[in-house]
Amino acid sequence: MCYAPFSIDSENLQRCGTIGQSGSEMGGNTTDSASYSGGEDDEMERQFDADYDYVNMERISNMTKDEVAREYMHLEKINGKLADRVSLLQLENDKLKQLLKDHNISYEDVLPKIRRHSGTSVSEAGDAVRKSQDETMVDNKQEVVC
1 MCYAPFSIDS ENLQRCGTIG QSGSEMGGNT TDSASYSGGE DDEMERQFDA DYDYVNMERI
61 SNMTKDEVAR EYMHLEKING KLADRVSLLQ LENDKLKQLL KDHNISYEDV LPKIRRHSGT
121 SVSEAGDAVR KSQDETMVDN KQEVVC
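All the letters of the sequence shown, read from the start, carry residue numbers 1 to 146 under UniProt numbering.
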């Protein structure tokens with residue numbers, strides 16, 4: 001049995017093509033890749049998660065105890081680094097929120113503008129924040145002048 005776009009049966013691993021809404025095959029030149037509904041996206045994500053878990057369990061079950069222990073220790077090391085990175089980012093976020101507060105800029109006013117740029121790089125997002133701050137300062141000055 002083959003589920004879209006990736007499926008695994010107990011005999012072997014296989015990648016299956018799907019027919020998109022436009023009738024084009026997976027991997028073809030189509031513009032429908034972003035036109036899935038929320039339900040279709042959720043189902044595809046659930047299927048991917050199930051397939052990923054299956055492949056990962058198969059990989060782990062074929063490892064020796066030493067290999068599993070080494071992989072676990074490696075993942076623990078990575079997890080520690082990620083936890084440290086999250087802590088640093090939280091501190092930076094708190095500092096940035098304080099800067100906004102110091103300049104009488106509401107975090108809630110800036111947040112939607114940043115989220116519109118969620119696919120952009122960090123520097124581009126920073127530019128968006130600075131632009132938002134400039135707009136807010138201009139608006140505040142106009143209110144004072146009027």
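Positions of the beta carbon are idealized from the N, C-alpha and C atoms, including for glycine.
The structure displayed is predicted, hence computed values, not measured ones.
Would DSSP call residue i helix, strand or coil?
i    : result
I105 : coil
At least one CB of chain C closer than 8 angstroms to the CB of residue i: is that the case?
i   : result
N62 : The structure shown contains no chain C; it is built from a single protein chain.
Would you list, in sequence order, the uninterrupted beta strand (DSSP E) runs of no fewer than 3 residues that lie entirely inside the segment 42–96?
Runs found: none.
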